[in-house]
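Worksheet: the structure to be examined is printed underneath.
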Amino acid sequence: GEDVEQSLFLSVREGDSSVINCTYTDSSSTYLYWYKQEPGAGLQLLTYIFSNMDMKQDQRLTVLLNKKDKHLSLRIADTQTGDSAIYFCAETPFSGGYNKLIFGAGTRLAVHP
Amino acid sequence: DVKVTQSSRYLVKRTGEKVFLECVQDMDHENMFWYRQDPGLGLRLIYFSYDVKMKEKGDIPEGYSVSREKKERFSLILESASTNQTSMYLCASSLPNGPEQYFGPGTRLTVT
């Protein structure tokens with residue numbers, strides 16, 4: 001079945017780069033997403049990538065997609081304390097229809113001085 | 114700016130009570146979704162709706178029902194609340210082919 005996996009925790013120093021990784025099983029995924037959830041808040045869409053792309057860059061965010069390995073990563077350059085949050089990877093499986101999303105468990109990013 | 118609002122941020126109910134969670138979106142989106150979020154499990158889809166009065170089961174529909182009488186409003190109903198339904202509930206909406214889903218702030222429900 002469809003599954004999305006990501007590590008649960010990442011700790012980085014302020015100013016360093018953060019890399020959050022995700023693997024998925026559905027090779028027919030059309031879109032892959034990164035959502036951010038700050039404490040006590042809903043989910044905010046950070047960025048998404050269409051499955052025929054390898055990379056997408058948006059200011060401090062870089063998304064890399066390796067379709068062969070079914071691996072998605074989010075790189076945050078110059079990580080700040082405001083980036084501390086839970087980051088969810090998600091995919092839209094082709095079989096889902098109606099843009100149904102399958103989420104990973106979320107990676108909690110802790111940024112320390 | 115897309116806005117998705119949920120009727121309560123925090124809710125405490127007793128076992129066996131009937132619970133209504135309301136979600137309203139202001140962007141005329143056809144699709145609306147209800148998820149529950151539990152630590153270590155991410156978000157799991159309960160139900161979704163692609164049009165007024167239309168609904169589809171998600172991955173974990175047991176113990177829940179939904180209602181969509183108007184395009185902008187999607188309600189999640191717990192017919193008889195149980196302690197294992199204590200969770201964070203998130204509503205989302207999107208256009209028919211997405212790709213973006215817009216989320217509300219969530220309702221943290223505690224069933225005692």
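Same order as they appear, the protein sequences are chains A and B.
The first sequence begins at 1 in this note's numbering and counts up by one.
The second sequence begins at 114 in this note's numbering and counts up by one.
C-beta atoms are modelled at their ideal positions from N, C-alpha and C, and glycine is treated no differently.
Whole-number beta carbon distance between residue j and residue i, since they are thought to touch under 8 Å
i: Q6 (chain A); j: T107 (chain A); result: 5 Å
i: E213 (chain B); j: L64 (chain A); result: The pair is not a contact, with the Cβ atoms about 20 Å apart (cut-off 8 Å).
i: L222 (chain B); j: K131 (chain B); result: Incorrect: roughly 13 Å between the Cβ atoms, too far for contact.
i: S206 (chain B); j: I190 (chain B); result: With 8 Å as the limit, S206 (chain B) and I190 (chain B) do not qualify as a contact, their Cβ atoms being about 18 Å apart.
Strand pairing of residue i, partner residues [DSSP]
i: T62 (chain A); result: A:Q57 and A:R75
i: E135 (chain B); result: B:S188
i: A90 (chain A); result: A:Y33 and A:F103
i: R13 (chain A); result: A:H112
i: T128 (chain B); result: DSSP lists no partner for T128 (chain B).
i: Q194 (chain A); result: Only positions 1 to 113 of chain A appear in the structure, and residue 194 (chain A) is not among them; the question remains open.
Going along the chain, which unbroken runs of the beta strand (DSSP E) with 3 or more residues stay wholly within the stretch 22-57 of chain A?
31-37 and 43-50
Does the stretch 14-30 of chain A come close enough to the stretch 72-88 of chain A to have 3 or more Cβ pairs within less than 8 Å?
yes
Starting from the N-terminal side, write out each stretch of the beta strand (DSSP E) that is 3 residues or longer and does not extend beyond the stretch 142-217 of chain B.
144-151, 155-164, 167-170, 178-183, 186-191 and 200-207
Should the stretch 116-124 of chain B be regarded as contacting the stretch 135-148 of chain B, the criterion being three or more beta carbon pairs within less than 8 Å?
yes
Given 8 Å, three or more beta-carbon pairs between the stretch 18-31 of chain A and the stretch 48-67 of chain A:
yes
Count the C-beta pairs between the stretch 183-200 of chain B and the stretch 149-163 of chain B that are closer than 8 Å, then say yes if the count reaches three, no if not.
Yes: the two stretches touch, three or more of their Cβ pairs being nearer than 8 Å.
Give, in chain order, every residue of the stretch 134-158 of chain B whose Cβ lies closer than 7 Å to some Cβ of chain A.
Within the stretch 134-158 of chain B, the qualifying residues are N144, G153, L154, G155, L156 and L158.
At a CB distance below 7 Å, what residues from the stretch 184-209 of chain B approach chain A? Give them in sequence order.
Taking 7 Å as the Cβ-Cβ cut-off against chain A, the residues of the stretch 184-209 of chain B that qualify are L203 and S207.
Interface positions of the stretch 74-107 of chain A facing chain B (Cβ-Cβ less than 7 Å), listed along the chain:
F88, T92, Y98, N99, K100, L101, F103, G104, A105 and G106
The stretch 30-53 of chain A: positions lying closer than 9 Å to chain B by Cβ:
T30, Y31, Y33, Y35, Q37, G40, A41, G42, L43, Q44, L45, Y48 and F50
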